[in-house]
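Following this note's numbering, the numbering of the sequence shown begins with -10 at its first residue and continues without gaps.
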Amino acid sequence: MFTKLAHMAKAHYSPAKCALFTCLFILIPPSLGASIKATVVQVHTPMATRHFQPKENQVLTMVQNGIRRLSRQNNTTLAWRQFVSTNEVIGLKINAQLGALSGTRPTVVKAVIRSLITSGVPPSNIVLWDRKLQDLKLAGYEKMALEFGIKLAGAKDSGYSQWDKYTVPALYWDLEEGDYLFNKIKTSNISHTSTLITDQLGAIISIHPPMPDRRTGSRGHLQELAFSAADNTTRFTLSRPHLNPAIGELIDRIAFSRSIAPPVFKKELELLQKNQPVHANSLHLIKTRGKMLYYYQKASINALPVHTAFSLAYETAKEEMKGQTLLIRGGKHQWEQIVLPDGRNILKRETLGEEEMAQSKLRLHITDALLCQFNHGGQSRPDFATALNELWFSRDPVALDTLSHELITKLRNLMNLPVRTNPRKLLRYASGKKLGTDSIQSMKIERVNLLVHAPE
-10 MFTKLAHMAK
0 AHYSPAKCAL
10 FTCLFILIPP
20 SLGASIKATV
30 VQVHTPMATR
40 HFQPKENQVL
50 TMVQNGIRRL
60 SRQNNTTLAW
70 RQFVSTNEVI
80 GLKINAQLGA
90 LSGTRPTVVK
100 AVIRSLITSG
110 VPPSNIVLWD
120 RKLQDLKLAG
130 YEKMALEFGI
140 KLAGAKDSGY
150 SQWDKYTVPA
160 LYWDLEEGDY
170 LFNKIKTSNI
180 SHTSTLITDQ
190 LGAIISIHPP
200 MPDRRTGSRG
210 HLQELAFSAA
220 DNTTRFTLSR
230 PHLNPAIGEL
240 IDRIAFSRSI
250 APPVFKKELE
260 LLQKNQPVHA
270 NSLHLIKTRG
280 KMLYYYQKAS
290 INALPVHTAF
300 SLAYETAKEE
310 MKGQTLLIRG
320 GKHQWEQIVL
330 PDGRNILKRE
340 TLGEEEMAQS
350 KLRLHITDAL
360 LCQFNHGGQS
370 RPDFATALNE
380 LWFSRDPVAL
390 DTLSHELITK
400 LRNLMNLPVR
410 TNPRKLLRYA
420 SGKKLGTDSI
430 QSMKIERVNL
440 LVHAPE
């Protein structure tokens, strides 16, 4: 069923239609007795768009209200400090490939950038990224980058890291230009994470619209992040049994892709030898306070001086050409850190507890529900879109993607379109990786209605 753009705009501004759509899309709140695992803030402004065009002032107000409500802060600057600091490089992940209507809306991106800069984040510390730099340029983001003094980056253009790769033994695929192993072998069963993620970005804010998907019913933050940040992912789109775990595994690597580059490690090791400190925060891949103990069990079952532990692990790694594991513990924290033969340090993700997992790179997720396209995902189709005039905010990408699927299902049912598949297994796997919750009963959904009208 096709709906004319002008008709949709007219229907949207009919008071009766506004009331109907508002009633339809308020999702059922969680039961009072449920254990709350995720908070989702849904900000609604009745006239945030007009004829599918977002209004800048209204959207900026929505962004600032959303982060204040989610962070429980009355001040926007203090609210942002709950998610990011001013001295880390912040990557804003968007969908530029689908353009301004069906992809992430530039007005929302601009509002987030303005709010971050106003809160004290230097423009040079903000990186707007997607899978390909060319997609950002074609979508017009070069002009925005010049306006604010921020950077643009493509995950594929930045190259890929050979460490902490994701392997599916039975699933080989032809490699594409730009993949890490391209021109080395023809087919591969390995995916690598972009060095943009592993080496450059300290925090990630994901801004994505809810989108229909013929393979999984819908897609949002999880699939967009995973497929944009890794190479050799086409194979997963053709094998649903492999897709569900792949998304969770790749997101886990993105979230905890902390590393120390070899030159930095070697320099810090020299300083440790010279100064002989009790502990070395500069070599910690997890932020800590207080006294820490360092164990390298190949040398001793007892704690070692920090320089001794790192030096022995590094020398053994070079000798055996194999990463060596250090156990670092103290206070509430305990994790394992791998020292590689070239001096690079990476996290052993499987050893992270709840305290450490709270330090994920994935800090904030914003679902751009100003408009929602509910059919023909992968294409820009305004005839299958409607204006909801909402932005959703959460620390939990699984929760937002769960709600996005509920929304798209309702819209498709309303328009008598079939719903043949759903992303439940994908979301359940991600939930099992402790990346979020896929249970609506475990979510606290807070509605914020802003009565700010766009000028005629």
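All C-beta atoms, glycine included, are put in the ideal place defined by N, C-alpha and C. In this text the structure is predicted, and so the values were computed from the model without any measurement.
Under the 8 Å Cβ criterion, the stretch 193 to 203 does not count as touching the stretch 156 to 166, having fewer than three qualifying pairs.
Where I56 is concerned, the enclosing alpha helix (DSSP H) starts and stops at E45 to S60. Classified as exposed, S113 has fewer than 16 neighbouring CB atoms from the shown chains inside 10 Å of its CB. Taking the CA atoms as reference points, H354 sits about 43 Å from A288. For A27, no alpha helix (DSSP H) run applies; the uninterrupted beta strand (DSSP E) run containing it begins and ends at A27 to H33, by DSSP.
When the five nearest sequence neighbours on each side are left out, the beta carbons in the same chain lying within less than 7 Å of the beta carbon of G425 are those of A27, D385, P386, V387, A388 and A419, in order along the chain. Contact between the stretch 42 to 57 and the stretch 405 to 413 is absent: fewer than 3 CB-CB pairs across the two stretches fall below 8 Å. Using a 10 angstroms sphere on the CB of Q212, the tally of other CB atoms reaches 16 or more, which defines it as buried.
Within the same chain, and ignoring the five residues on either side of V29 in sequence, the residues whose Cβ sits closer than 8 Å to its Cβ are W381, F382, S383, D385, A388, L389, L392, M432, K433, I434 and E435. Using a 10 angstroms sphere on the CB of G279, the tally of other CB atoms stays under 16, which defines it as exposed. Taken through DSSP and simplified to helix, strand or coil, V116 comes out as strand.
Scanning its chain for C-beta atoms nearer than 8 Å, with the 5 sequence neighbours on each side dropped, one finds around Q262 the residues H296 and S300, in chain order. In this model, T223 and G320 are separated by some 43 Å (Cα to Cα). Counting only residues of its own chain and dropping the five nearest sequence neighbours on each side, R333 has a CB closer than 8 Å to the CB of W152, S248, I249, A250, P251 and F254. Boundaries of the alpha helix (DSSP H) harbouring E213: H210 to A218, taken from the DSSP string. In the DSSP assignment, M133 falls within the alpha helix (DSSP H) that extends over Y130 to F137. Inclusion of I240 and A215 in the CB contact set at 8 Å is warranted, their separation being smaller than that value. When C-alpha distances from I79 are compared across R352, E345 and R401, the shortest belongs to R352.
In this structure N264 is exposed. Its beta-carbon is surrounded by fewer than 16 other beta-carbon atoms within 10 angstroms. Excluding sequence positions up to five before and after M346, its CB lies within less than 7 Å of the CB of K423, all in the same chain and listed in chain order.
When S177, T156, R401 and K121 are compared, the shortest CA-CA separation from A142 is found for K121. The Cβ neighbour count for E309, taken over all protein chains shown within 10 Å, is under 16; the residue is labelled exposed.
Selection L232, E304, T187 and Q326 evaluated against Y149 yields T187 as nearest (Cα-Cα). When beta bridges are read from the DSSP output, Q323 appears opposite R318. Annotated as distal: I56 and T50, with beta-carbon spacing of 8 Å or more. Between the alpha carbons of L416 and K256 lies a gap of roughly 42 Å. Taking 8 Å as the cut-off, the beta carbon of R401 is found closer than this to the beta carbon of F363. In this model, A358 and Q31 are separated by some 9 Å (Cα to Cα). K433 has T28 as its beta-bridge partners, per DSSP. When rounded, the separation of the alpha-carbon atoms in G191 and E77 is 6 Å. Note that the C-beta distance between V101 and L81 is below 8 Å. For S104, there is no enclosing beta strand (DSSP E); the residue is part of the alpha helix (DSSP H) that begins and ends at P95 to T107. Under the DSSP assignment, A269 falls outside any beta strand (DSSP E); it carries neither an H nor an E label. Considered as a whole, the stretch 181 to 258 harbours 192 to 197, 200 to 202 and 206 to 208 as its complete beta strand (DSSP E) runs of no fewer than 3 residues, in chain order. CA-CA distance, L258 to I327, rounds to 15 Å.
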